[in-house]
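Enquirer: One structure, pasted below without further comment.
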Amino acid sequence: MQTEIRNLLDCHVIGSDGQSIGKVGQVYLSDRTGEPEWVTVRTGFFGMKQTFVPLTNARRSGDEIRVPFDKEMIKGAPNIDVDGRLSLEEEAELYRYYGMQPSNIPSQRTPMGERQARTAAGEQRIADERGRRGGMTGQTGQTTGQTGQAGRPRGRDVGDRDIDMTTSEERLRIGKESRESGHVRLRKYVETENVQEKVPLSHEEVVIEREPIKDGEPGTYEIGEDEQQITLHEERAVIGKETRPVEHIRVHKERVQHEETVEGQVRRERLEVDEDGSARERTRNRRGDDLPPKR
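The C-terminal position of the sequence shown is numbered 295 in the UniProt record's numbering, with every residue numbered one higher than the one before it.
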């Protein structure tokens, strides 16, 4: 347990909104179980203020403690002195603020700093030994107190006064946290492909036309050599390239809302009425929905 407390003192508290609240200042243990139940977080300028945060439903990952409350709620917690013991009234006030219903608050909570953590194990062994001895009287080993039917403890008799009892129930308090779910990268690369296109081309060809002369008259034509030439042309395909934009791509984020079903276990108190003697016939239940049927 000493090692666990020292490890908690080195942790940072992270809220359900993913924001860092601060470093753990002190650890408060349950006097009933000896387990860490509350931690104080250093907040404010220069970490001078310490705020209580419950460890119920908290998750530890490495040197981080993630709690199901956001930063604003933790900063607004009741201002309670962290130098002394956490009284029952102070703890009940904290539970009410965080919307939690403790099943039992047996005694005051003691703050555990680094020096006190070294003696925690020895004190826990003494508390366990006292717990094993508690409830036993004399050498007979019998438990004290009266029991009723089927070994059930008999309640105290209040005489002719009305019986008044309050039932409580737990409710889920759902928080949210932000975490990474993936990355999207946009990169551009170059690929080469062969392209074929048909291009119409033209060229010049020589056409020789001969026309015979009939009954030619003699003239001053001289016989001799002669040479003339004509230039021919043709078209050839010339390949050139140009670059032009063809598409624009933009990647951005948008928040999409969805619903998720969260399950958890909660406890609620029920009332059970035991009747004996002639009282069974005279009892009237004005709110039958709140009580179980008579047995």
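Backbone N, C-alpha and C fix where the C-beta goes; we use that ideal spot for every residue, glycine too.
Can you check DSSP and say which residues form a bridge with GLN50?
Expert: DSSP, once it has assigned bridges, lists ARG42 as partnering GLN50.
Enquirer: Which partner residues does ILE223 have in the DSSP bridge list?
Expert: For ILE223, which the question treats as bridged, DSSP gives no partner whatsoever.
Enquirer: How far does the alpha helix (DSSP H) with residue 298 in it reach, from first residue to last?
Expert: Nothing can be reported for residue 298, as the shown portion of the chain is limited to 1 through 295.
Enquirer: Please name the residue or residues paired with LYS23 in a DSSP beta bridge.
Expert: BP columns for LYS23 point to HIS12.
Enquirer: Taking the CB atoms as reference points, tell me whether ASP17 and ASP63 lie closer together than 8 Å.
Expert: In this structure, ASP63 does not lie closer than 8 Å to ASP17 by Cβ.
Enquirer: By alpha-carbon positions, which one of GLU234, GLU259, GLU260 ends up nearest to VAL206?
Expert: The residue with the shortest Cα to Cα distance from VAL206 is GLU234.
Enquirer: Are there 16 or more other CB atoms within 10 angstroms of the CB of VAL41, so buried, or fewer, so exposed?
Expert: Its Cβ being crowded by 16 or more others within 10 Å, VAL41 is buried.
Enquirer: Starting from ILE65, follow its DSSP beta bridges and name the residues at the other end.
Expert: According to DSSP, which records beta bridges pairwise, ILE65 is partnered with VAL13, ARG60.
Enquirer: Quick one: measure Cβ to Cβ for MET100 and THR56, integer angstroms, because I've assumed they're closer than 8 Å.
Expert: Indeed they touch by this definition, with Cβ atoms about 6 Å apart.
Enquirer: Taking GLU254 as the reference, which of GLU227, VAL184, GLU169 has the closest Cα?
Expert: It is VAL184 whose Cα lies nearest to the Cα of GLU254.
Enquirer: Given LEU201, which residues of its chain have a CB within under 6 Å of its CB, disregarding the five upstream and five downstream residues?
Expert: Excluding positions up to five away in sequence, the list reads GLU235.
Enquirer: Which word fits VAL256, buried or exposed, when buried means at least 16 other C-beta atoms lie within 10 angstroms of its C-beta?
Expert: With fewer than 16 Cβ atoms within 10 Å of its Cβ, VAL256 is classed as exposed.
Enquirer: With distance defined between alpha-carbon atoms, name the residue in ARG85, LYS188, ASN79 nearest to TYR97.
Expert: Measuring from the Cα of TYR97, the nearest candidate turns out to be ASN79.
Enquirer: In chain order, what residues of the same chain have a beta carbon less than 8 Å from the beta carbon of GLN139, not counting five sequence neighbours either side?
Expert: Since pLDDT at GLN139 reaches only 34, below the 50 mark, its modelled position is unreliable, and the value read off the structure follows with that caveat. Answer for GLN139: no residue qualifies.
Enquirer: Assuming the contact rule is C-beta atoms closer than 8 Å, VAL266 and ARG171 should be a hit. Round their C-beta distance to whole Å, please.
Expert: VAL266 to ARG171, Cβ: 6 Å. Contact.
Enquirer: What separation, rounded to the nearest whole angstrom, lies between the Cα atoms of LYS188 and VAL246?
Expert: Going by the C-alpha atoms only, they are around 14 Å apart.
Enquirer: Taking the alpha carbon of GLY240 as the reference point, which residue from GLY182, GLU197, ASP164 has its own alpha carbon closest?
Expert: The shortest C-alpha separation from GLY240 is found at GLU197.
Enquirer: What is the C-beta distance between LEU8 and VAL53, in whole angstroms, given that I count them as a contact (C-beta under 8 Å)?
Expert: Rounded, the Cβ-Cβ distance is 11 Å, inconsistent with contact.
Enquirer: In or out: GLN229 buried (at least 16 other Cβ within 10 Å) or exposed?
Expert: Classification for GLN229: exposed.
Enquirer: Using the three-state DSSP reduction, which class does LEU88 fall into: helix, strand or coil?
Expert: Helix at LEU88.
Enquirer: Measure the C-alpha to C-alpha separation of GLU72 and SER20 and round it to an integer number of angstroms.
Expert: In a straight line, the C-alpha of GLU72 is about 11 Å away from that of SER20.
Enquirer: Nearest to VAL262 by CA position, among LYS176, VAL251, GLU272, ILE249, is which residue?
Expert: Among LYS176, VAL251, GLU272, ILE249, the Cα nearest to that of VAL262 is on LYS176.
Enquirer: According to DSSP, which residues form a beta bridge with HIS258?
Expert: BP columns for HIS258 are empty, so no partner.
Enquirer: Closest to GLY76 by CA distance: which of ASP276, GLU93, THR231, ASP162 is it?
Expert: When only C-alpha atoms are compared, the closest one is GLU93.
Enquirer: Which residue marks the beginning of the alpha helix (DSSP H) containing MET73, and which one marks its end?
Expert: Unbroken alpha helix (DSSP H) run through MET73: 71-75.
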